[in-house]
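K.L.:
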Amino acid sequence: MVLPDGTIQYFQEGGMSQAAKIRYKKIAVELSTGYLERQILFCRDYSSNLDFLILNQTHKCLLDRLVQSVTSEVGRALVGLSILQLCIKAIEPEQSIRLHKGSTATRDFSWRDGISMRSLDKQYITPVLRKYELLRLNADGFMMTRSLAENYPYSSVYKANMRGARSEWVSLVEAIEKDEVVSEVALRYLLSQLLNQADNFRRLALQTLETLTLFLGATVVDKGILLSIILRHINQSDYAARLMEIAMHSLMQAMQEYQVFPHRLLKPLSQMRSANKKHGNVGDIELLEDRQIVEAWDAKYGKSYLRDEIEELSEKLEVHPALRKAGFVTSVEAERIDELMPRCNEIEEIFGISLEIITFKEWVELQFARTLGQESTTEQELASAWLIAYTESLAQRRRDIAPIDEPCYQWLLKLNETLTIE
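If you read the sequence shown in our numbering, its first letter stands for residue 145, the second for the next number, and so on.
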């Protein structure tokens, strides 16, 4: 790699050198004994002792923009990677943070001076960031993101298309490698910004729950009113497809609380982007009986033609013999239903299931009718329970049943605004 000043750097492929193994061991030992956790606690509990004067304004701005870039869809992986790289450099300055792959196995790609950042992340970075709720990450770690796994050194010419604050991250990497940044100070600054956001989130969550209490105290909610509120919130928010899943799951939570399906169990909300076949999922919302999926609904926001989804469902049904009801829930009217119905009927006959394609509004009406038919609650009580479940899920108060790993700040802000307007 030729740097802008003409300096040439060589990165040799091959099994880890002895020097790289020693560096890796030192880094792993420090992280395994709580290095990152100690940094977080220091920033949280001794904020008056933090001194960021050594960081120049340019580097502070880079770190600020990295944190601010995190949305419900993008940015988390790059922030997590930046934390890992800063930890590595703070613990072992001689280790290059460009070389993210290192292995002794001949079948795996490796740089001689590289280290396995994926292993460090999964064991020591992501679990700590999740524990302190600084970054909502997939439990398998941010290095599972394919765009971070290309066999090229991290640099300004890294080939993968990375979503989020890519240019800020690249600039940070270059500054760290040039020793323009004191890594531990930059790490603490980045953690402090994340902690501030975490505190902000908790305050917003409390405020939104208070707004919800006032709203329910002043308003008699029914199915129509609540459907209007939730649809408005979904359609006015970023990443609406995920919100539609959460809304559907929340209604099922409320139904479970009223024992609408006493012999069945609502499966916890799946992580977005969890590979359906790998994870054994049939739909976004699933009911279990004797640990087998017996009912599944798949949310399809903004998608009206479902030919591919129907064929994919038929493949899944081959390994889910207990399934009795499946359906696709669309945010818009489904297209070319007449063309799809013969195939749906064929799947119903082959697998002995009921298969439906309905709109979100129709699905909500179906679930309300199902609940009220059992006379276990009233329409107003179910509507209130649905809104409470939806709000508490977004406020991270139901992580046992709704472990939402996307940042919820903007969603909660919009919901708080919506309930206040109402």
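Glycine residues also receive a C-beta, built at the ideal position from the N, C-alpha and C atoms. Bear in mind that the values here come from a model prediction, so they are computed numbers and not experimental data.
#1: Between which two residues does the beta strand (DSSP E) harbouring Ile-373 extend?
#2: Going by Cα to Cα distance, which pick from Tyr-534, Arg-188 and Val-438 is closest to Ala-342?
#3: Just verifying my parser: in three-state terms, what is the DSSP assignment at Leu-431?
#4: Would you kindly work out how many angstroms separate the C-alpha atoms of Asp-382 and Lys-165, rounded to a whole number?
#5: Which same chain residues end up closer than 6 angstroms to Lys-421 when comparing Cβ atoms and leaving out the 5 residues on each side of it in sequence?
#6: Specify the secondary structure class of Gln-532 as computed by DSSP and reduced to three states.
#7: Could you give the DSSP three-state label for Ala-391: helix, strand or coil?
#8: Identify the continuous beta strand (DSSP E) that holds Leu-499 and give its terminal residues.
#9: Looking only at C-alpha atoms, which of Val-272, Cys-231, Leu-206 and Glu-439 sits nearest to Arg-337?
#10: Could you check whether the segment 466-486 touches the segment 445-456, counting it as contact only if at least three pairs of C-beta atoms, one from each stretch, sit closer than 8 angstroms?
#11: Taking one C-beta from the segment 367-386 and one from the segment 530-548 each time, how about it: are there three or more such pairs within less than 8 angstroms?
#12: Under 8 angstroms, with one C-beta from each stretch per pair, do the segment 254-269 and the segment 163-178 reach the 3-pair mark?
#13: Quick check on the DSSP output: the beta strand (DSSP E) that includes Lys-444 runs from which residue to which?
#14: Is Arg-386 buried or exposed, if buried means 16 or more other CB atoms sit within 10 Å of its CB?
#15: With a CB to CB cut of under 6 angstroms and the five nearest residues on each side skipped, what residues in its chain are close to Ile-171?
#16: I need the straight-line Cα distance from Gly-159 to Tyr-298, nearest angstrom please.
#17: Ignore the nearest five residues each way along the sequence and tell me which others in Arg-417's own chain have a CB closer than 7 angstroms to its CB.
#18: To which residues of the same chain is Cys-552 closer than 6 angstroms at the C-beta, ignoring the five residues directly before and after it?
#19: How long is the line joining the alpha carbons of Ala-419 and Asp-208, rounded to whole angstroms?
#20: Output the boundary residues of the beta strand (DSSP E) element that contains Thr-474.
#21: With a cut-off of 8 angstroms, do at least 3 Cβ pairs link the segment 350-357 to the segment 236-249?
#22: Could you give the DSSP three-state label for Val-146: helix, strand or coil?
#23: Rounded to whole angstroms, what is the Cα-Cα separation between Gln-153 and Arg-435?
#24: Any idea which residues DSSP pairs Leu-409 with across the strands?
#25: Could you tell me the alpha carbon to alpha carbon distance between Val-426 and Ser-311, rounded to whole angstroms?
#26: So does the segment 502-512 actually touch the segment 326-333, counting three or more Cβ pairs closer than 8 angstroms?
#27: What's the C-alpha gap between Gln-212 and Leu-358?
#28: Mapping DSSP to helix, strand and coil, what is Ile-152?
#29: In this structure, does DSSP put Glu-477 in helix, strand or coil?
#30: My parser needs the alpha helix (DSSP H) runs of 4 or more residues fully inside the segment 148-219; what are they?
#31: What does the alpha-carbon distance come out to for the pair Gln-400 and Phe-345?
#32: Does the CB of Ser-528 have a neighbour CB from chain D at under 8 angstroms?
#33: Please say whether Arg-468 and Glu-493 have beta carbons closer to each other than 8 angstroms?
#34: How close, in whole Å, do the beta carbons of Leu-335 and Gln-183 come, if the pair is a contact with beta carbons under 8 angstroms?
#35: Hey, quick one: how far does the alpha helix (DSSP H) through Arg-242 stretch, first residue to last?
#36: Tell whether a beta-carbon distance below 8 angstroms holds between Phe-472 and Lys-505.
P.N.:
Taking the definition as stated:
#1: Note, Ile-373: premise wrong, no beta strand (DSSP E); alpha helix (DSSP H) at 367-379.
#2: Arg-188
#3: strand
#4: 44 angstroms
#5: Note on Lys-421: pLDDT 49, under 50, position unreliable in the model; no value is reported.
#6: The question names Gln, yet the displayed sequence has Ile at residue 532. Here Ile-532 sits in helix by DSSP.
#7: helix
#8: 498-503
#9: According to the sequence as given, residue 337 is Gln; it is not Arg. Ranking the options by Cα distance to Gln-337, first place goes to Leu-206.
#10: yes
#11: yes
#12: yes
#13: 436-444
#14: buried
#15: Ile-232, Ile-235 and Glu-236
#16: 19 angstroms
#17: With a pLDDT of 48 at Arg-417, under the threshold of 50, the modelled position of that residue is not reliable, and the figure given next carries that caveat. Same-chain partners within the cutoff: there are none.
#18: Leu-538
#19: The predicted position of Ala-419 is uncertain, since its pLDDT is 38 and thus under 50; no value can be drawn from it.
#20: 469-474
#21: no
#22: strand
#23: 55 angstroms
#24: Leu-432
#25: 38 angstroms
#26: no
#27: 31 angstroms
#28: strand
#29: coil
#30: 162-176, 179-189 and 201-212
#31: 28 angstroms
#32: This model lacks chain D altogether, as it is built from one protein chain only.
#33: no
#34: 6 angstroms
#35: Arg-242 -> no alpha helix (DSSP H), and no H or E assigned at all.
#36: no
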